[in-house]
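Residue numbers (our numbering): 54 to 247.
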Ligand code: AMP
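Printed below as a string of structure tokens:
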């Protein structure tokens with residue numbers, strides 16, 4: 054199964070992604086996670102993206118495209134994967150199209166976790182206070198949360214329209230308990246791919 058998990062910051066993508074990959078035995082490809090690891094390890098990639106990430110803006114499309122192309126080309130991605138946090142712009146959709154074509158595979162579903170902005174702001178403010186399950190994030194402050202939501206509306210929401218036109222988008226109500234949301238996701242996926 055090859056899926057994209059999509060939604061605003063704070064929609065619960067990370068939590069749902071972990072459950073999905075465990076249940077379906079597919080690779081979890083989280084661009085945010087990979088970039089934070091690069092920053093922590095002070096690699097060349099980390100040096101390039103650190104300031105942009107801390108500001109809440111997006112790193113350049115071609116740069117993140119290379120990271121994803123490289124990851125999806127590895128052996129452990131051949132049985133399926135879940136993309137979490139990518140694609141985030143129309144350009145990244147085109148980059149992903151090229152990568153998938155080269156690999157000779159297709160997406161089964163794009164799952165949009167739909168959560169109203171008021172709920173998202175509350176959740177992110179909580180994460181800023183408490184840390185995100187031990188992964189302290191430099192981009193969880195109130196001003197940067199606002200910036201990330203603005204960028205989501207302007208640059209990432211159009212991605213949903215592209216996949217809707219292709220008939221791949223499924224919108225899931227992302228409010229309620231973690232279990233409720235994962236039940237909704239699983240019943241949706243029961244009909245998709247293998
Ligand atoms: P996330 O954990 O997915 O919210 O990502 C954290 C930060 O990493 C974002 O605010 C961006 O700065 C950067 N990032 C992650 N994924 C992407 C992407 N697909 N395109 C551009 N920047 C990204």
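Beta carbons: idealized from backbone N, C-alpha and C, even for Gly.
Please name the residue or residues paired with residue i in a DSSP beta bridge.
i	result
residue 83	137
residue 165	59, 224
Please find out if some non-hydrogen atom of the ligand AMP comes closer than 7 Å to the beta-carbon of residue i.
i	result
residue 145	yes
residue 110	yes
residue 134	no
residue 105	yes
residue 150	no
residue 117	yes
residue 201	yes
residue 138	yes
residue 161	no
residue 85	yes
residue 93	no
residue 141	yes
residue 88	yes
residue 169	no
residue 233	no
residue 123	no
residue 62	yes
residue 236	no
residue 192	yes
Among the options, whose alpha-carbon lies nearest the alpha-carbon of residue i?
i	options	result
residue 242	224, 109, 60	224
residue 61	234, 172, 237	172
residue 149	164, 120, 170, 165	120
residue 179	65, 70, 100, 145	65
residue 174	198, 222, 104, 79	198
residue 201	68, 216, 112	112
residue 109	218, 237, 177, 213	177
residue 130	77, 168, 145	77
residue 222	166, 117, 87, 127	166
- Query: Which parts of the segment 84-149 are runs of the beta strand (DSSP E), unbroken and 3 residues or longer, counting only runs that do not cross its ends?
  - Reply: 134-137
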